[in-house]
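A.B. asks: In the numbering used here, the protein residues as written are 2 to 180.
1. Since residue 31 sits in a beta bridge, which residues does DSSP pair it with?
2. Roughly how many whole angstroms lie between the Cα atoms of residue 26 and residue 150?
3. Less than 9 Å between the C-beta atoms of residue 120 and residue 135, yes or no?
4. Could you compute how far the alpha carbon of residue 130 sits from the alpha carbon of residue 11?
5. CB-CB under 8 Å to residue 43, same chain, minus the five flanking residues each way: which ones, in chain order?
6. By how many angstroms is the C-alpha of residue 18 removed from the C-alpha of residue 166?
7. What is the DSSP secondary structure of residue 1, reduced to helix, strand or coil?
8. Whose C-alpha, out of 98, 59 and 24, is nearest the C-alpha of residue 79?
9. Could you spell out the range, first to last residue, of the alpha helix (DSSP H) harbouring residue 136?
10. What first and last residue would you give for the beta strand (DSSP E) that runs through residue 123?
11. Quick check on DSSP: helix, strand or coil for residue 24?
12. Looking at the unbroken alpha helix (DSSP H) that takes in residue 159, where does it start and where does it end?
13. Which of helix, strand or coil does DSSP assign to residue 168?
14. Between which residues of its own chain and residue 145 is the CB-CB distance below 7 Å, once the five residues before and five after are set aside?
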């Protein structure tokens, strides 16, 4: 369900409430750890739904530094690729987390553009088991997405995807207030 839509440079940014594995985009972004070991959270969901192929290919691409991205096939999922990006673990805000989160989002979008994709869905990176507080994370994620959409690339549509109705409404409020 589309909760919010913004047009930027004739491209679309959307906040959607949906399971990321049910999105209708060319690729999805996996909020990964540096080892690309997809055991829990959204990463585990993506890996289980896509099958062993995603995890096996991921091990061959690891390690990936925090703030960087890599990609694999999507296995059994209906996407062209899974872009794995490593967001920061929250350490209180004084350890460069904002710049690392910005880099993780930008790296994922750059990878999608390099793969000549037109659309991509991403979750709110680092806000789950990595503990990044929602409001500052969303402000950084959305600012980075909107700045990227201003640039010329193949990407025409970026979805920020949240499964939880409550968290999706909270994200909508943050975006509406700040952007």
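Every residue gets a Cβ at the ideal spot worked out from N, C-alpha and C, and that includes glycine.
Computed from a predicted structure; not experimentally measured.
C.D. replies: Put simply:
1. Along the chain shown, read from residue 1 onward, the residue named residue 31 stands at position 30. DSSP lists 85 as partners of residue 31.
2. For the purposes of this step, residue 26 is taken as residue 25 along the chain shown, with counting starting at 1. For the purposes of this step, residue 150 is taken as residue 149 along the chain shown, with counting starting at 1. Rounded to the nearest angstrom, the two C-alpha atoms are 16 Å apart.
3. Looking up residue 120 in the chain shown gives position 119. Looking up residue 135 in the chain shown gives position 134. Contact flag unset, no.
4. Within the chain shown, the letter at position 129 stands for residue 130. Within the chain shown, the letter at position 10 stands for residue 11. Taking the straight line from one Cα to the other gives about 35 Å.
5. For this step, residue 43 is matched to residue 42 along the chain shown. Closer than 8 Å at the Cβ level, and outside the excluded window around residue 43, lie 21, 31, 32, 124 and 129.
6. As a first step, residue 166 must be located in the chain shown, where it is residue number 165. As a first step, residue 18 must be located in the chain shown, where it is residue number 17. Approximately 7 Å between the Cα atoms of the pair.
7. Because residue 1 is not part of the residues shown, which for the chain are 2 to 180, the question remains open.
8. Residue 79 sits at position 78 when you count from the first residue of the chain shown. When each option's Cα is compared against that of residue 79, the closest is 24.
9. For the purposes of this step, residue 136 is identified with residue 135 of the chain shown, where counting begins at 1. Counting along the chain, the alpha helix (DSSP H) containing residue 136 begins and ends at 135-151.
10. In the chain shown, the residue the question calls residue 123 occupies position 122. Run containing residue 123: 120-123, per the beta strand (DSSP E) assignment.
11. For the purposes of this step, residue 24 is identified with residue 23 of the chain shown, where counting begins at 1. Of the three classes helix, strand and coil, the one that applies to residue 24 here is coil, per DSSP.
12. What you label residue 159 is simply residue 158 of the chain shown in a count that begins at 1. Looking at the DSSP string, residue 159 is not in any alpha helix (DSSP H); the run it does join, the beta strand (DSSP E), is 158-163.
13. On the chain shown, position 167 is the one that residue 168 refers to. In this structure, residue 168 counts as helix in the three-state DSSP scheme.
14. The residue you call residue 145 lines up with position 144 of the chain shown. For residue 145, where only same-chain residues beyond five positions count, the Cβ hits under 7 Å are 103, 106 and 107.
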